[in-house]
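Below is one structure, written out as structure tokens, with a few remarks after it.
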Amino acid sequence: MRFSVYSRNVGFFGRPVWRAIGGCVLGLVVRTAAAEDTASIKGKALFKGESAKYVRHEVPTDKDPNCKKSKAKIGEYAVILNKKDDPITIRNVLVSVKEGLGDKKFPPLTDPVKLTQFGCEYDPHVVAMMSTQPLKVFNGDDTNHNIHLLPAKNSQENFSQPVKDLEKGRELKLVAEPPFFVKCEVHPWMGCYIAVFDHPFFAVTGEEGTYEIKGLPPGKYVLEAWHEKLGTMTANVEVTSGETKETDFTFEPDKK
Amino acid sequence: MTEAHHHHDDHHHHPELGWWRKYVFSTDHKVIGVQYTVTALLFLLFGFTLVMIMRWQLAYPGKPIPLIGGLLGKTLANDGTLLPEGYNALGAMHGTIMVFLGIVPLIVGGFGNYVMPLQIGAPDMAFPKLNMASYWVYFCGGMVMLLSFFAPGGAANSGWTSYAPLSVVATQGQTWWLFGMVLLITSSLLGSINFIVTIIQLRAKGLDFFKLPFFVWSQFVTAFLLLLAFPPLEAAGALQLMDRLAGTSFFMPEGLVVSGIVQPYTGGGSPLLWQHLFWFLAHPEVYVLILPAMGMVAEVIANNTRKPLWGYRLMVYSVIFLGFMSFIVWAHHMFITGMGTRISAFFATTTMIISIPSVIILTALVISLYRSSIRYNVPMLFALAFLPMFAIGGLTGLPLGLPAADIQLHDTYYVIGHFHYVVAPGTIFAAFAGIYHWYPKVTGRTMNPALGKIHFVLSFIFINVVFMPMFFQGMAGVSRRLFDQTFYQHGLDVQGWTQLSSWGAWMLGLSQVPFIMNFFMSLRAGRKVSDNPWEATTLEWAAPSPPPHGNFATVPVVYRGPYEYSVPGQKKDFFPQHLAKAEA
Amino acid sequence: MQVKKSWILLAVIAAALVASAAPAWAQAVAPKTTVPIDGEYGRFFSLPTDVSKNGHRIDNLIHWTHAFMAVLFVGWGIFFVYCLMRFRQRPGHQAHYELVHAKPSKYLEVAVLIVEIVLLAGFSVPIWASVKNDLPPADKAFRVRVVAEQFAWNFHYPGPDGQFGRTDPKLVDTATNPLGLDREGDPHAKDDIFALELHIPVNQPVICDISSKDVIHSFFLPVMRVKQDALPGMRIPVWFEAVQTGTYEVACAQLCGNNHYSMRALMYIQPATDLEAWLREKGKPPEEFVE
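Protein chains in written order, with the working numbering: chain A, 20 to 275; chain B, 62 to 645; chain C, 2 to 292.
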């Protein structure tokens, strides 16, 4: 596990010379901080209720003909349900450790997190990252994009990317903050969320509606699952060393 | 005039001042005038540099700016390529710097301060310390504007007009802009009071109002415009600051949703209120930009035609009328905000009326050339070029003043072309004429005429290359303030003109090199000349060059009008105002 | 002679400078728009194509005004250049102290005033009155609400019931409900259609109600000779009638923020049947989408 943490280093400490030294030092730190064996939690985000309410329709990309290649759908597009699954699973649910880590410090993740605008859509739709990681924003379209971050704690970045740029990107530094909305000022349908954590224990459900959090020290935790439209849920989990626990979250938006 | 006399005596008893009091914190109108001129010229150069950067993006959108692209920082540019936010910040600051920090301080603060007291035979301004305060407040305002580039989010980027609600929700630079503006307005108010009192109280014996040089008249009317038009903007600026900082809603209507977030403004403010307050200043401000320029051109033309100005009184009445009318035309900037027929017809009518005195002044200046003897020196070349350039600027105002034609042309490049023709080859050429004309008075040396002529020819060619294409773009429907006009088909089709215009701007920048060289080299190397090298008639030429503290060796007395050239029966072709009898 | 030679030299230098710049400025810029736009756009001091019923009146006013300006400038310029050449300082030439009685100048000023009155009262005011104030009767016109926001044009069609639904800023959701339509609470809102492109019928008056969600924008249809500021807190109607089908541009003419320049929308002028088909298509309830 600790090697997977270490191998994410690609910044200054990722240089070959430092890798040798840093690897030893970091290895020691990780060894003491996270004990010999760690646990994992994995599971699914499930949906129960009237799935027919959540439909997606075409983005009116004619505003900007350069968005034509977009596959994005407008409407309740933020709620992406895998309706073929049984039970129905949900994409873009952010699962993270909310309580139980105490004051422990964890080896920082430093590899940049990518947020790409492609086909007038944000990829990924929910960005989860550690505060030590830089966020790099790219523009993959032949059009103008304007990224507007609407956070409470971080600064309200609002900048344009008028030309296609998939190489350099624009780098941002963020502090820990619960998910906040990011929108494109030029293409009203474009939106995504960014969540920043002080620890590396978070995951977002992907195309299968599953998540996995690895490398947790054994202990009692409160997990939180967050979805932009469906709200939040919590679960109490206890893990021992070497264990992989399964925890599913079932959202029932109609039950209230 | 005993008062003037007292002042005069006082100055003689002053002990020798230290270097700081003499050259930096001076109360001498001449030192302050030079301070204003030099500061304003530096700001003009800076403002012009901003636009040369912008013109790169306009001509070659999305390409990195050569040479200085890397210096622009992260907020304005990305890897040397200008960003829209950078473009807007440069655009807003170009307008603000050119108008409030460049041209007005140059032609009012600089020329007004230096030349006006000399022309009326006064030893200094009426309130010398106020005068000094005026300069230093202006200086601080300028510094605030410059520092605002380093504010988070960059300098103000809502245009020099700062229309609410955009300016209220804009980045921090706007707050700096408002503070800077409050300082600049305060400076103008201090200056204008001083000008008015000086012109009324400190005229030399025998100098009636209708013997005043036309330049003094233009400064007199300008001072009233500044005094009466700026307070509404100062108030509006304070209100906008309140909207930004204290959450009031003077200019913010209810129910605004900015970036998807419902704004907390309640109480039903009006964004149009800002526009009314702003243009109530900014239209008279247009005449603040042009009247002193007309004054300078009149001085230079009278002197170099060796003939009295044609229709001097008519010109004076026209300039007073212009000043008065400039207060009731402001809403012609707002025709397409949703005006009804009656109100737009009213403002269109006043706009047509105000064009008449401008036509009169221009015609008078041209008729002054008739049966004259034109001396083609450098100041005269600039003054003559002013006439057709100002004519183009003025005439193109006509379709903009007709509300129906304005529907198509409003806020397009046509407007940019129009007012730049008034201000750039208009006012700035007049200012060049003034600099070449009065340089011998300030330094005792002339500027090099050969370099001056090179400067003139190149400037005249390239300034037209810059601004003429803008009319073509405007007719094609290209809106102003576009970061990249090729986004639109109609912008793409006239992109060639944009590129030509940009090249004109950079060449125009190069054309200023001979001027800058000339300006500094002539301080030492310029030909030494007598007190009255142009053989002029007005009082400033009766003082030594450069004039000492207190200006005149003996208090001048005025016997005749300002432009007594080629008086029949005289030996010389000029008859100065202060001479009782013609020289033998 | 010395002077003349140096002037020629200067002219040569200037010409060389211009010539050196020429190849550089002729560089082409690739178009950013992928949908072909109809119409001709002025390349040399000409207005864009006019596809509206009223536009020619505005065009005529602009042309007549420019003709008047040209006459004034040329006439005045001839006199100016004549003076410059005829009255230059030279040995044996002296200025005259006496001022001429320039009656022509008075005539000129009176003539300018008269022409301006004619242009204003005879053309501008009537045109303004009809294009800005005389809205066509509501039952004959096709009505669209135009809601500007940073940096997009939202178009709101009333749907089959012909009634616009209630909107509320509190209901605004940037992705799903940019207009803040009250689809639950107001029956008129149920069938309302929202689009980011403007579809209008040909040969039928169109009334656009212009408003804004945030800052001041300006609704500009260059080929229609229509421009109207979009002011937050106000809803201002403008009307026009298209006489030709095609695809054209909607531009924003008022600085509205950083991306003002990319606030562009497309306008489709269609025969009534095509427009109805498009509206029907747009008004369909969204189909369930199964991944």
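Glycine included, every Cβ here is placed at the ideal spot set by N, Cα and C.
Separation of residue j from residue i, as counted between CA atoms
i, j, result
"Asp275 (chain C)", "Phe241 (chain C)", "19 Å"
"Asp142 (chain A)", "Glu226 (chain A)", "13 Å"
"Leu543 (chain B)", "Thr98 (chain B)", "32 Å"
"Met177 (chain B)", "His479 (chain B)", "30 Å"
"Thr266 (chain A)", "Glu243 (chain A)", "11 Å"
"Met531 (chain B)", "Thr559 (chain B)", "8 Å"
"Val390 (chain B)", "Lys72 (chain A)", "57 Å"
"Phe270 (chain A)", "Asn178 (chain C)", "24 Å"
"Pro464 (chain B)", "Tyr475 (chain B)", "14 Å"
"Leu300 (chain B)", "Gly152 (chain B)", "23 Å"
"Asn255 (chain A)", "Thr229 (chain A)", "18 Å"
"Phe161 (chain B)", "Asp215 (chain C)", "29 Å"
"Lys183 (chain A)", "Ala491 (chain B)", "46 Å"
"Ser416 (chain B)", "Gly565 (chain B)", "30 Å"
"Gln136 (chain A)", "Asp83 (chain A)", "14 Å"
"Glu150 (chain C)", "Glu204 (chain A)", "9 Å"
"Val49 (chain A)", "Tyr121 (chain B)", "Summary for Val49 (chain A): the model assigns pLDDT 47, below 50, so the residue's position carries little reliability, and this model does not support an answer."
"Cys43 (chain A)", "Thr259 (chain A)", "Note on Cys43 (chain A): pLDDT 47, under 50, position unreliable in the model; no value is reported."
"Phe199 (chain A)", "Thr251 (chain A)", "14 Å"
"Asp89 (chain B)", "Tyr196 (chain B)", "12 Å"
"Glu262 (chain A)", "Lys283 (chain C)", "53 Å"
"Phe240 (chain B)", "Gly202 (chain B)", "8 Å"
Under 9 Å from the C-beta of residue i: neighbouring residues of chain A
i, result
"Asp545 (chain B)", "Asn163 and Pro181"
"Ala278 (chain C)", "What Ala278 (chain C) touches in chain A: nothing, since even the nearest Cβ is about 16 Å away."
"Pro179 (chain C)", "Pro207 and Trp208"
Those residues which DSSP pairs with residue i across a bridge
i, result
"Asp174 (chain C)", "C:Asn178"
"Lys63 (chain A)", "A:Thr229"
"Lys266 (chain B)", "B:Val618"
"Ile389 (chain B)", "None, per the DSSP bridge assignment."
Contacts of residue i in chain A (Cβ-Cβ under 7 Å)
i, result
"Asp554 (chain B)", "None at all; the shortest Cβ gap to chain A is about 17 Å."
"Gln151 (chain C)", "Glu204"
"Ser263 (chain C)", "Asn163 and Val205"
"Asn259 (chain C)", "Asn165 and Ser179"
"Asn139 (chain B)", "Arg189"
Residues that residue i contacts on chain C, provided the C-beta gap is smaller than 7 Å
i, result
"Glu596 (chain B)", "Here the premise fails: no neighbours, minimum Cβ distance about 12 Å."
"Gly238 (chain A)", "In chain order: nothing, as chain C lies at least about 36 Å away."
"Arg588 (chain B)", "Those within 7 Å of Arg588 (chain B) in chain C number zero; the least Cβ separation is about 17 Å."
Amino acids of chain C, ordered along the chain, whose beta-carbon sits closer than 8 Å to that of residue i
i, result
"Lys124 (chain A)", "Near Lys124 (chain A) there are no residues of chain C at all, since even the closest Cβ is about 37 Å away, more than 8 Å."
"Gly210 (chain A)", "Thr175 and Ala176"
Extent of the continuous beta strand (DSSP E) to which residue i belongs
i, result
"Asn579 (chain B)", "First-last for Asn579 (chain B): Val574 to Ala586, but that is the alpha helix (DSSP H), not the beta strand (DSSP E)."
"Phe200 (chain A)", "Glu196 to Cys203"
"Lys54 (chain C)", "Unbroken run through Lys54 (chain C): none, as it is neither H nor E."
"Phe216 (chain A)", "Gly210 to Phe216"
Amino acids of chain B, ordered along the chain, whose beta-carbon sits closer than 9 Å to that of residue i
i, result
"Lys202 (chain A)", "Ser320 and Gly321"
Under 9 Å by beta carbon: chain C residues contacting residue i
i, result
"Glu360 (chain B)", "What Glu360 (chain B) touches in chain C: nothing, since even the nearest Cβ is about 16 Å away."
"Arg436 (chain B)", "Arg89 and Gln90"
Endpoints, alpha helix (DSSP H) assigned at residue i
i, result
"Ser279 (chain B)", "Phe275 to Leu306"
"Val116 (chain C)", "Lys104 to Ile118"
"Tyr626 (chain B)", "No alpha helix (DSSP H) contains Tyr626 (chain B), which DSSP labels as neither H nor E."
"Ser405 (chain B)", "Thr402 to Ile428"
Contacts of residue i in chain A (Cβ-Cβ under 8 Å)
i, result
"Pro652 (chain B)", "With chain B covering 62 to 645 only, the question about residue 652 (chain B) has no answer from this structure."
Contacts of residue i in chain B (Cβ-Cβ under 7 Å)
i, result
"Asn134 (chain C)", "Gly401 and Thr402"
Next on the checklist: Does the contact criterion of 3 or more C-beta pairs under 8 Å hold for the segment 222-238 of chain C versus the segment 183-198 of chain C?
Outcome noted: In short, these stretches do not touch, since the Cβ pair count stays below three.
field: Segment contact, 8 Å Cβ cut-off, at least three pairs: the segment 256-272 of chain C with the segment 140-148 of chain B
entry: Result yes; three or more Cβ-Cβ pairs closer than 8 Å.
Quiz item: If you pair each beta-carbon of the segment 263-272 of chain B with each one of the segment 616-629 of chain B, do three or more pairs fall below 8 Å?
Solution: Result yes; three or more Cβ-Cβ pairs closer than 8 Å.
Is it a yes or a no for the segment 215-224 of chain A touching the segment 102-115 of chain A, going by three-plus beta-carbon pairs under 8 Å? At 8 Å Cβ cutoff, the stretches touch.
Touching or not, the segment 187-195 of chain B and the segment 365-382 of chain B, by the rule of three or more beta carbon pairs under 8 Å? Below 8 Å, too few C-beta pairs join the segment 187-195 of chain B and the segment 365-382 of chain B to call them touching: fewer than three.
Check whether the segment 578-591 of chain B and the segment 67-76 of chain C touch, using three or more Cβ-Cβ pairs below 8 Å as the test.
Result no; under three Cβ-Cβ pairs closer than 8 Å.
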